[in-house]
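**Q** Numbering (the working numbering), first residue to last: -13 to 478.
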């Protein structure tokens, strides 16, 4: 049974010999998988994998018609390479390198179109991976410099790096940019954060720009010269401390030559990983602020509570139960909706609202409005007086247990959270994180604390808007790209 263009087709193989099938299978080029010497893992060559993907998509008409070409460059294939590892724990680690093709359009988001490049039973930053990526990138440079004929068509290739910021820092042989520098992708450091009018980009007028090969070489030379000037009797830890202090003072993040060579200049932000890391930082800030204000109990309760109302004491008998799994539960519990609903229900059931002879519709409307207003005011008073009994949370109960464990260790209490967000948790924080900022408000809040709380709320608002914009954009739609540019100018 075969699936062709969405239809299941059954073929009879009764007249096909095993020899013919075996001969056909041997002609399929799926890329040779090689054992990595002295390492538990396998790898493919870039050349074999790339030509297999190109040949498959050009040879089959229905696949060829779905290919997307950028800037009118027909038959110009753009491959994206990345590496990711399993969470680094005491257990054995694993690293998986993959290739995908931007020309696949929206299919590039599917894991079915992430082609395995290598699989190694080592963490993603092991020395063996450094040699492996050196081999991969040297192969990429050779392929980019040539024109190839595939399925009768002249084709050119381009390679772009993309992965989480931790691996990108390792691949570029830099300090972990996500933790050290305000901008992971531009030459922005603590020494020039107060520059007014600074922007990030490649224009000659930009005050802040991404590092290029010349910057990297200059920084490597500066660090090497500084280390050579130090006393040879210094211990390794002292030498390392002085090195980091020198790099921080001069805004240097380059530790050595990039492990992916010239492709380090092409490193760009991946919206998904940027969004997750940004919300990780925001959560750290709110957590530390809650600890400083002795409001951790309120913070952890808000973090873990369902997105709908969570009763702490009791709930009114007419409160509607909402399934936590239902979407947009937040809006079902909007307080204004409750007030309007309560007012309209009371008015409709009130005896005065029944039709009475001799009374005009205008007078009845006035009575109805008066009754509605009275009911709404009474309901509002009750609601406001009982609001401390109800909590609107973020629905992150699992994450809250990890945060509580971190807080319970007095030695780590004032450190950054030792938890890592995943995509769904970042989305939940984007939707309901403002409640965490609200829970920081206390009765004895100072003016400085109020400013910090309001600033955190504004940060979360802008970050949510930015994430929403990027998540709606399709890179192969020129209209979406121009719309994104307009939105960015509007918001930022």
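Even for Gly, the Cβ is constructed at its ideal location relative to N, Cα and C.
Computed from a predicted model, the values in this text were never measured in an experiment.
In this structure, what does DSSP give as the bridge partners for residue 160?
**A** Answer is 240, bridged to residue 160.
**Q** Spell out the partners DSSP gives residue 69 in its beta bridges.
**A** Partner(s): 83.
**Q** Should residue 156 be labelled buried (16 or more other beta-carbon atoms within 10 Å of its own) or exposed?
**A** Result: buried.
**Q** Classify residue 253 as helix, strand or coil using the three-state DSSP reduction.
**A** Note: residue 253 maps to coil in three-state DSSP.
**Q** So what's residue 286 in DSSP terms, helix, strand or just coil?
**A** If DSSP states are grouped into helix, strand and coil, residue 286 belongs with the helices.
**Q** Cα-Cα, which of 398, 407, 195, 247 is closest to residue 264?
**A** For residue 264, the nearest C-alpha among the options comes from 407.
**Q** Starting from the C-beta of residue 123, find all residues in its chain whose C-beta is less than 7 Å away, skip the five residues before and the five after it, and write them out in chain order.
**A** Excluding positions up to five away in sequence, the list reads 246, 247, 249.
**Q** When you compare each of 234, 217, 219 to residue 208 by their alpha carbons, which one comes out closest?
**A** Checking every option, the nearest Cα to that of residue 208 belongs to 234.
**Q** Near residue 465, what residues of its chain come up, given a Cβ to Cβ distance below 8 Å and the 5 sequence neighbours on each side ignored?
**A** Closer than 8 Å at Cβ, skipping near neighbours: no residue.
**Q** Assign residue 59 to buried or exposed, taking buried as 16 or more other Cβ atoms, counted over all protein chains shown, within 10 Å of its Cβ.
**A** With fewer than 16 Cβ atoms within 10 Å of its Cβ, residue 59 is classed as exposed.
**Q** Could you round the C-beta distance between residue 216 and residue 204 to whole angstroms and report it? I think they count as a contact, below 8 Å.
**A** Contact flag wrong, Cβ pair sits at about 20 Å.
**Q** Specify the secondary structure class of residue 37 as computed by DSSP and reduced to three states.
**A** Three-state DSSP puts residue 37 in a helix.
**Q** Measure the alpha-carbon distance for residue 488 versus residue 270 and round it to whole angstroms.
**A** The requested residue 488 is not part of the displayed model; the chain covers only -13 to 478.
**Q** Excluding the 5 residues preceding and the 5 following residue 33 in the sequence, name in chain order all residues of the same chain whose CB lies nearer than 7 Å to its CB.
**A** Taken in chain order, the residues that qualify are 125, 129.
**Q** What beta strand (DSSP E) runs, 3 residues minimum, are completely inside the region 98 to 145?
**A** Listed in chain order, they are 101 to 106, 134 to 136.
**Q** Quick one, are the C-beta atoms of residue 481 and residue 61 less than 8 Å apart?
**A** This structure leaves residue 481 out entirely; the chain is present only between -13 and 478.
**Q** Going by CA-CA distance only, name the one from 54, 151, 253 that's closest to residue 89.
**A** Among 54, 151, 253, the Cα nearest to that of residue 89 belongs to 54.
**Q** Figure out for me which residue from 260, 84, 414, 447 has the closest Cα to the Cα of residue 152.
**A** Of 260, 84, 414, 447, the residue nearest in Cα terms is 260.
**Q** Which of the three DSSP states, helix, strand or coil, is assigned to residue 400?
**A** DSSP places residue 400 in coil when its eight states are reduced to three.
**Q** So, at 6 Å on beta carbons, what are the nonlocal neighbours of residue 238 in its own chain, with the 5 sequence-adjacent residues on each side left out?
**A** Cβ neighbours of residue 238 beyond the five flanking positions: 205.
**Q** Name the one or two DSSP bridge partners that residue 62 has.
**A** DSSP lists 142 as partners of residue 62.
**Q** Do you know how far the Cα of residue 439 is from the Cα of residue 241?
**A** One C-alpha to the other measures close to 37 Å.
**Q** Around the Cβ of residue 256, are there at least 16 other Cβ atoms within 10 angstroms (buried) or fewer (exposed)?
**A** Its Cβ being crowded by 16 or more others within 10 Å, residue 256 is buried.
**Q** If you check the beta carbons only, do residue 68 and residue 131 fall under 8 Å apart?
**A** Going by C-beta atoms, residue 68 is not nearer than 8 Å to residue 131.
**Q** Taking the C-alpha atoms as reference points, what is the distance between residue 280 and residue 225?
**A** Whole-angstrom Cα-Cα distance: 39 Å.
**Q** For the alpha helix (DSSP H) holding residue 224, just list the boundary residues, first then last.
**A** Element bounds for residue 224: 222 to 235.
**Q** Name the one or two DSSP bridge partners that residue 147 has.
**A** The partner list for residue 147 (beta bridge, DSSP) reads 67.
**Q** State the CB to CB distance for the pair residue 143 and residue 36, rounded to an integer number of angstroms; the pair is presumed to be in contact (CB under 8 Å).
**A** Their Cβ separation, rounded to whole angstroms, is 7 Å, which keeps residue 143 and residue 36 in contact under 8 Å.
**Q** Just grab the DSSP bridge partners of residue 20 for me.
**A** Paired residue(s): 29.
**Q** Measuring straight from C-alpha to C-alpha, what distance separates residue 64 and residue 57?
**A** Their backbone Cα atoms lie some 12 Å apart in a straight line.
**Q** Which term fits residue 472, buried or exposed, when burial requires 16 or more other beta carbons within 10 angstroms of its beta carbon?
**A** So residue 472 ends up on the exposed side.
**Q** Kindly list the residues whose CB is nearer than 6 Å to the CB of residue 286, restricted to its own chain and excluding five residues on each side of it in sequence; keep chain order.
**A** Answer for residue 286: 386, 390, listed in chain order.
**Q** With DSSP run on the structure shown, which of helix, strand or coil describes residue 377?
**A** Strand at residue 377.
**Q** Compare the Cα-Cα distances from residue 146 to each of 252, 469, 25, 121 and report the closest residue.
**A** Among 252, 469, 25, 121, the Cα nearest to that of residue 146 is on 252.
**Q** Using the three-state DSSP reduction, which class does residue 421 fall into: helix, strand or coil?
**A** Correct three-state label for residue 421: helix.
**Q** Looking only at its own chain, which residues have a Cβ that is under 7 Å from the Cβ of residue 50, when we skip the five neighbours before and after it?
**A** Excluding residues within five positions, the ones whose Cβ falls inside 7 Å are 43, 44.
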